[in-house]
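Have a look at the structure below before the remarks.
There are 2 protein chains.
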Amino acid sequence: MGQPKIRNMEEFANISGISRPTVSKYFNNPDSVRTSTRAKIEAALKRYDYQPNVFAMNQNRRTTKNIGVVVPNLADPFFSEIGRRVELACIDAGYSPILLSSHGSPEMERDNLTSLRALKPAGVLLAPFGRMSDVEAVQTFDADFPLVLFDANMSSIGQAFVGTDNAQSVDLMVEYLCRSGEAPCFFEMKSPTNPNANKRRQAYIESMERHGHVPRIYQADGEGWNFEEIGKVEGGRLLAAKSFETKTILCSNDRLAIGMLSAAYDLGLRVGHGPECDLRIAGHDDHPFSKFTCPPLTTIAQDYEAIANRAVRELFSTLEAEDRTKDRSETTFDGRLIMRESA
Amino acid sequence: MGQPKIRNMEEFANISGISRPTVSKYFNNPDSVRTSTRAKIEAALKRYDYQPNVFAMNQNRRTTKNIGVVVPNLADPFFSEIGRRVELACIDAGYSPILLSSHGSPEMERDNLTSLRALKPAGVLLAPFGRMSDVEAVQTFDADFPLVLFDANMSSIGQAFVGTDNAQSVDLMVEYLCRSGEAPCFFEMKSPTNPNANKRRQAYIESMERHGHVPRIYQADGEGWNFEEIGKVEGGRLLAAKSFETKTILCSNDRLAIGMLSAAYDLGLRVGHGPECDLRIAGHDDHPFSKFTCPPLTTIAQDYEAIANRAVRELFSTLEAEDRTKDRSETTFDGRLIMRESA
DNA sequence: AAATAAAATTTACGCGCGCCAATTTGTAAT
DNA sequence: ATTACAAATTGGCGCGCGTAAATTTTATTT
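Next up, the structure:
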């Protein structure tokens, strides 16, 4: 950090005794220049704090080092957590992640993709709304940029999809519940905002039939992302009216379960797997708070870390494969059963 | 959206029948050109989808339209919510917000400020760690860019600070608790990561003395951002050992309270304000989940919306004031008491 | 109608860097 | 020492836009 301010790459090149094009090459890939040259440049970098102008770089580059990361709702801890992991993985790989939340609105998802276009990203990681998404917009985007989907799949869009195997995870939970007691009924939203909800319902039905039980599904009214509220109000209504035909309830996700736990508490119902309990409630996702509910929630843990890392790797591998002939891949990770007190 | 692709502003200017400099002027401020000219340009915009190259724009502009938004931890719902509001307010004002999370690490806060420099932001909204922050780095940044602090204050840094009046909010809670029962003791972390924690402790002490009670403070060991875990483990330990001298506990924030509620449930303690209850627990922040805890948590609601909007307005007003002679301002909003079942 | 101000145009330069072709230098192998 | 090849250099063009000064057109005023 010396006194004289470096204005541009030319000045820096002069000071370090290297030609500007070579310095440019260094910044694009330090390993592409001779060791002795690299040493000179890095010595100069220690004495003067210069960094290339991002805007000038990105203007002239064929492709930038920007990676777009779009999630449906950062207020949902699931997405803030997985977004965080994706972000860090991109930084490690020397890219500049740009994290965008669609704030629960498919329209803003479309807007986010539009504004990403202006940044000429090298690639984009998208957790889409699914059928709620502006499918055409996503398809067009897919045609123009390397795209990897995670969390929610959209058929034949993107170079790859990475998520959790809902069939496996729900079956795991159903099996556990059946072994340890009564077969569960299923509680979900009537019009789910996420395609995984549909997969989980399907998985529940199939799993129940495989185990020789009759599937029973209860659907809550309500729109939007206030899952806890919906779980509490609608779940509470069903509980109060004794509408559930079983005492074991599998919720489509933890946030609904958290709401229902709250409703059960209000009604004085004891939730848990002990003989003195009135009700068993289970969820799905291992939400950060499910460990602290009353009682702590039995649930399925998605492998955030694996999903995030794999999604990033899938994207980078398509970036490196110039030929574009890479087949679309779908990767799902197994869920892990987390047994706590609620079921 | 016509067929022929527009490559640059010159082509677009030709098509719309306006000179390029005027078109440039239009994009920088649509109101700065004559109505008839604006109409022509906007007519052309409907037929052809052209948007100026961001990188070329930002390279040559004195100041960009980028606004940096840095929060300590997006995984904390408080910050994801306030970050969301700030983001939308910036978009409304025609700026491009760039939301960065420091993932709980002061070092990454410093890194975030460094990478923001490269984007030549018009201004930055920072929710700092406070004394944990790299104070020198923040000061230097403050000297180079318009900076507004929110949530947590740092003395004489930034053009403005916007947050919640902890003295008022804690006093409000203490007063309510005293009026409705026993005076509270105070539960917090021994080494808080947030300067607001110190203000709240101080506010608690002063409020208690003003009401003629002896303040009692209990501090939990534990580092990092797992507040719920710390609240559950350390709070649970204190509850089990019957270390609290009162049956009313005011927690420094909701996340600690959520952990403690979970511990109380495990211990079979009944939390609430009814005569049959063993314990009253209150929090601070109106965390999104505090409505769904068992029992629902009595707490203080911070005015997210007001804080976010005011912080953005403060920043924009310093952007417009070229002279830089604007005094540093500190704005705090009152907290609102949210009475639920827990206390 | 002329006078004045405001807006648009023309012309031209500069920003900081990517990237290319041709050339020279350096390094390693025969 | 010669050859062969990789790396660095030189010189220069181009990207897409901001911006300035001088000029012309348009709108508003008296």
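Heads up: the protein sequence lines correspond to chains A and B, in order.
Everything in the first sequence is counted per the numbering used here, starting at 1 for the first residue and increasing by one.
Everything in the second sequence is counted per the numbering used here, starting at 1001 for the first residue and increasing by one.
We treat Cβ as the ideally placed atom computed from N, Cα and C, and that holds for glycine.
Check, Outcome
"For L1337(B), which residues from the same chain have a beta carbon less than 7 Å from its beta carbon, with the 5 sequence-adjacent residues on both sides left out?", "L1172, M1173, Y1176 and I1300"
"From the DSSP output, in three-state form, read off E1228(B) for me.", "helix"
"Expressed to the nearest angstrom, what Euclidean distance is found between the alpha-carbon atoms of E1087(B) and L1256(B)?", "28 Å"
"Leaving out five residues on either side along the sequence, give the residues of the same chain with a beta carbon under 7 Å from the beta carbon of E305(A).", "R85"
"Quick check on R280(A) - is its C-beta less than 8 Å from some C-beta in chain B?", "no"
"Check each candidate in M57(A), M154(A), S133(A) and A122(A) and name the one with the smallest Cα separation from D144(A).", "A122(A)"
"Roughly how far, in whole angstroms, is the beta-carbon of S1262(B) from the beta-carbon of H1284(B), given that I think they are within contact range, below 8 Å?", "Not a contact, Cβ separation roughly 17 Å."
"Taking the alpha helix (DSSP H) that S1101(B) falls in, what are its first and last residues?", "Element bounds for S1101(B): not the alpha helix (DSSP H) but the beta strand (DSSP E), S1096 to S1101."
"For the region 1096 to 1107 of chain B, which residues have a CB atom closer than 9 Å to at least one CB atom of chain A, in sequence order?", "S1096, I1098, L1099, L1100, S1101 and H1103"
"What whole-angstrom Cβ distance do S1243(B) and E1223(B) have, given they're in contact under 8 Å?", "Not really, about 21 Å apart at Cβ, beyond 8 Å."
"Should Q1159(B) go down as buried or exposed, given a rule of 16 or more other Cβ atoms within 10 Å for buried?", "buried"
"As an exercise, report each continuous beta strand (DSSP E) stretch of at least 3 residues that is fully enclosed by the region 1242 to 1308 of chain B, in chain order.", "1248 to 1251, 1280 to 1282 and 1299 to 1301"
"Verify whether the separation of the beta carbon atoms of S1102(B) and P1077(B) is less than 8 Å.", "no"
"Say whether the region 1223 to 1240 of chain B touches the region 287 to 296 of chain A, bearing in mind that this needs 3 or more beta-carbon pairs closer than 8 Å, one atom from each stretch.", "yes"
"Would you give the residue range spanned by the beta strand (DSSP E) that Y218(A) belongs to?", "I217 to A220"
"Take T992(B) and list the residues in its own chain whose beta-carbon comes closer than 6 Å to its own, dropping the five residues that flank it on each side.", "Outside the displayed range of chain B (1001 to 1343) lies residue 992(B), so it cannot be described from this structure."
"Using 8 Å as the cut-off, can you tell me whether the region 1161 to 1172 of chain B makes contact with the region 1187 to 1205 of chain B, which would need three or more C-beta pairs spanning the two stretches below that distance?", "yes"
"Taking E245(A) as the reference, give the member of G274(A), K199(A), F187(A) and E209(A) with the closest Cα.", "F187(A)"
"Looking at the secondary structure, which residues open and close the beta strand (DSSP E) in which S329(A) lies?", "S329 to F333"
"In three-state terms, what does DSSP make of E1188(B)?", "strand"
"Determine, for N993(B), whether the minimum Cβ-Cβ distance to residues of chain A falls below 8 Å.", "Lying before the first or after the last residue shown, residue 993(B) is absent from chain B, which here runs from 1001 to 1343."
"Could you list the residues in the region 65 to 96 of chain A with a C-beta less than 7 Å from some C-beta on chain B, going in chain order?", "L74, A75, P77, S80, E81 and R84"
"At a cut of 8 Å, does the region 35 to 43 of chain A reach the region 1034 to 1043 of chain B through at least three beta carbon pairs?", "no"
"Near L269(A), what residues of its chain come up, given a Cβ to Cβ distance below 7 Å and the 5 sequence neighbours on each side ignored?", "L239, D278 and L279"
"Who are T1114(B)'s beta bridge partners in DSSP?", "T1114(B) pairs with nothing; no bridge assigned."
"Buried or exposed: L267(A), going by 16 or more other Cβ atoms within 10 Å of its Cβ?", "exposed"
"Check N66(A) in the structure and name its three-state DSSP category.", "strand"
"So if I threshold CB-CB distances at 7 Å, which residues from the region 1167 to 1178 of chain B count as touching chain A?", "none"
"Tell me the rounded alpha-carbon separation between R1310(B) and R313(A).", "41 Å"
"Hey, could you find the ends of the alpha helix (DSSP H) V1124(B) is sitting in?", "Looking at the DSSP string, V1124(B) is not in any alpha helix (DSSP H); the run it does join, the beta strand (DSSP E), is G1123 to L1126."
"Which bits of chain A does C1294(B) rub up against, with CB to CB less than 8 Å?", "L261, S262, Y265, T293 and C294"
"Throw me the rounded Cβ distance for the F1150(B) and V1138(B) pair, which I believe falls under 8 Å.", "F1150(B) to V1138(B), Cβ: 13 Å. No contact."
"Does the beta-carbon distance from Q1059(B) to A13(A) come in below 8 Å?", "no"
"On the DSSP bridge assignment, give the partners of V1148(B) in chain order.", "L1125(B) and A1160(B)"
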